[in-house]
Amino acid sequence: MKVDFGYKTYNNYGAYLKNKYEGKRVFKIIADGGFTCPNRDGSKGFGGCSYCNVDSFTPEVSRKTPSVREQIEKGIERAVKGYKADKFIIYFQPNTNTYAPAHYLKMMYDEALSVCPDDVVGLSVGTRPDCIDAEKVALLESYAGRGLDVDLEMGMESIYNETLQRINRGCTHEELERALCLVENSPLDVCVHTVFGFPWESREMLLRYADEINRFSHIKFVKLHHLYIVEGSIMGVQYKRNPFKLFSLDEYTDFLAEFIPLLRPDIIIQRLFGISDYDLLIAPNWGLKKSGIQSYIDKELERREVVQGSRFAG
Ligand code: SF4
């Protein structure tokens, strides 16, 4: 399968957006719908996944704004003023954004999509595989039916149940497989999110994630993250008591250089690494801003002539 990656050597989200929206500048606007998480409120577990502090996912400005409408209005204003954005994708990111009855979700998504409707081109919803069912899929599909691009983002995190148990995920890999089956013939764009670098997972184990992702032909997007440790998480406490090995930027880039060729070339990589506010980050501190990390990794992948899919057996 031959895919044109634009100016990078992997199938990157920037090129995808540019191509799809004919050169318009499309920005994600983060919305916090005030959802909780079954892994925090006791229905699945308490304390959350051990690496998680929900605040670390969200820029500080989005955390302090009260209503969804106001968050989106302000987010759009910032994107227009700061980046000359033309079009927007509303991104329900923090917590579990399908963790409510479908009628409540509809109210929340409708409110978000009523802001600036002429310029909103998509809805992106981050959730857990065990919080998706046929009714919620149908609701999300109804937005796709209106011409929006709807991206359902689910945490895969690890492909190993032993890891999912150790990180208190409260969800198995089989539950992800079930959720992926639910959206197999759906117009939704499916995205999975992974975390690389749990200290007990070897390089060989990490490289096997590629096969598992490739297996699902309807996975359109991936978000690849390295493990980072933040304040307010269980792992934060564990790490401070007993620090463990985390990827350095060099090591992580080296890993990506081996991983990306194994990944199906049609899968669009939305992210190559994770990022947290520096005031919450415990480790690893790579000493660079987001753009610096991105450009370091991109340059290194290019220097090594890494091409996505070049080792994908098909
Ligand atoms: S990572 Fe997601 S599922 Fe896990 S505790 Fe945090 S919000 Fe909940």
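89 is the number of the first residue of the sequence shown in my numbering; add one for each residue after it.
Beta carbons: idealized from backbone N, C-alpha and C, even for Gly.
Computed from a predicted model, the values in this text were never measured in an experiment.
Discussion item. Would Ile381 and Leu315 qualify as a contact pair, given that the criterion is a beta-carbon distance under 8 Å?
Written reply: The residue given as residue 381 occupies position 293 in the sequence shown. The residue given as residue 315 occupies position 227 in the sequence shown. Cβ distance not < 8 Å, so Ile381 and Leu315 don't count as in contact.
Practice prompt. Please state if the CB of Ala345 and the CB of Leu389 are separated by a distance shorter than 8 Å.
Written response: Stepping through the sequence shown from its first residue, residue 389 is reached at position 301. Stepping through the sequence shown from its first residue, residue 345 is reached at position 257. For the pair Leu389 and Ala345, the CB atoms are nearer than the 8 Å cut-off.
Item to complete: Could you check what DSSP says for Lys326 in three-state terms: helix, strand or coil?
Response: Here residue 326 refers to the residue found at position 238 of the sequence shown. At residue 326 the sequence reads Gln, which differs from the Lys that was named. Helix.
Worksheet item: Terminal residues of the continuous alpha helix (DSSP H) containing Leu360?
Response: For the purposes of this step, residue 360 is taken as residue 272 along the sequence shown, with counting starting at 1. In this chain, Leu360 is not harboured by any alpha helix (DSSP H), its DSSP state being neither H nor E.
Item to complete: Quick one: grab the DSSP three-state call for Asp277.
Response: Taking the sequence shown and counting its residues from 1, one reaches residue 277 at position 189. Residue state, collapsed to three classes: strand.
Discussion item. Is any non-hydrogen atom of the ligand SF4 found closer than 7 Å to the C-beta of Cys279, if you look at the structure I gave you?
Written reply: Residue numbering aside, residue 279 sits at position 191 when the sequence shown is read from its first letter. Every heavy atom of the ligand SF4 is 7 Å or more from the Cβ of Cys279, so no.
Worksheet item: How would you label Tyr171, buried or exposed, when you count the other beta carbons within 10 angstroms and need 16 or more for buried?
Response: Within the sequence shown, residue 171 is the residue found at index 83, counting from 1. Classification of Tyr171: exposed, given that the 10 Å Cβ count is below 16.
Fill in: Same chain only: Cβ atoms within 8 Å of Lys175, ignoring 5 sequence neighbours per side
Position 87 of the sequence shown holds residue 175. Within the same chain, Lys175 has close Cβ partners Tyr109, Lys112, Arg113, Val114, Phe115, Asp207, Val208 and Val209.
Worksheet item: What number of angstroms, rounded off, separates the C-alpha of Ala103 from the C-alpha of Phe180?
Response: By one-based count along the sequence shown, residue 103 stands at place 15. By one-based count along the sequence shown, residue 180 stands at place 92. Straight through space, the alpha carbons of Phe180 and Ala103 are spaced by roughly 22 Å.
Practice prompt. Give the DSSP-derived three-state secondary structure of Gly163 in the structure shown.
Written response: To locate residue 163, count along the sequence shown from 1; it is residue 75. Helix, per DSSP.
Item to complete: Mind checking which residues open and close the alpha helix (DSSP H) that includes Ile177?
Response: Taking the sequence shown and counting its residues from 1, one reaches residue 177 at position 89. Ile177: not part of any alpha helix (DSSP H); member of the beta strand (DSSP E) spanning Lys175 to Phe180, first to last residue.
Worksheet item: Under the criterion of a Cβ to heavy atom distance below 7 Å, does Asn185 qualify as lining the ligand SF4?
Response: Residue 185 sits at position 97 when you count from the first residue of the sequence shown. No, the Cβ of Asn185 stays beyond 7 Å of every heavy atom of the ligand SF4.
Worksheet entry | Distance cut-off 7 Å: Arg128 Cβ against heavy atoms of the ligand SF4 | Position 40 of the sequence shown, counted from the start, is the residue given in the question as residue 128. It does: the Cβ of Arg128 is within 7 Å (strictly closer) of some heavy atom of the ligand SF4.
Worksheet entry | Sequence ranges, beta strand (DSSP E) only - wholly within the region 242-304, length at least 3 | 277-284
Discussion item. So, does the region 272-279 touch the region 314-330, judging by three or more C-beta pairs under 8 Å?
Written reply: no
Worksheet item: Would the C-beta of Arg266 count as close to the ligand SF4, meaning under 7 Å from any of its heavy atoms?
Response: Locating residue 266 in the sequence shown gives position 178, where the first residue counts as 1. No, Cβ of Arg266 sits at least 7 Å from all heavy atoms of the ligand SF4.
Worksheet entry | Three-state secondary structure (DSSP) of Phe115 | Locating residue 115 in the sequence shown gives position 27, where the first residue counts as 1. Phe115: strand per DSSP, three-state reduction.
Worksheet entry | Start and end residues, alpha helix (DSSP H) containing Ser383 | Residue 383 sits at position 295 when you count from the first residue of the sequence shown. In the DSSP assignment, Ser383 falls within the alpha helix (DSSP H) that extends over Lys378 to Arg391.
Discussion item. Considering only the alpha carbon of each residue, which of Phe284, Ile355, Phe309 and Glu289 lies closest to Tyr340?
Written reply: Taking the sequence shown and counting its residues from 1, the one referred to as residue 340 is at position 252. Nearest C-alpha to Tyr340: Phe284.
Practice prompt. With a threshold of 16 other CB atoms inside 10 Å of the CB of Arg329, please say whether the residue is buried or exposed.
Written response: Residue mapping note: residue 329 aligns to position 241 of the sequence shown, counting from 1. The residue is exposed, with fewer than 16 neighbouring Cβ atoms inside 10 Å.
Worksheet item: Any heavy atom of the ligand SF4 closer than 7 Å to the Cβ of Gly243?
Response: Translated into the one-based positions of the sequence shown, residue 243 becomes position 155. It does: the Cβ of Gly243 is within 7 Å (strictly closer) of some heavy atom of the ligand SF4.
Item to complete: Out of Met242, Asn99 and Glu165, point me to the one whose CA is closest to Ala267's CA.
Response: For this step, residue 267 is matched to residue 179 along the sequence shown. Nearest C-alpha to Ala267: Met242.
Worksheet entry | beta-carbon Cys204 near the ligand SF4 non-hydrogen atom, thresh 7 Å | Within the sequence shown, residue 204 is the residue found at index 116, counting from 1. Answer for Cys204: no, Cβ out of range of the ligand SF4.
Fill in: Touch test, the region 181-201 against the region 126-145, Cβ-Cβ under 8 Å, three pairs minimum
yes
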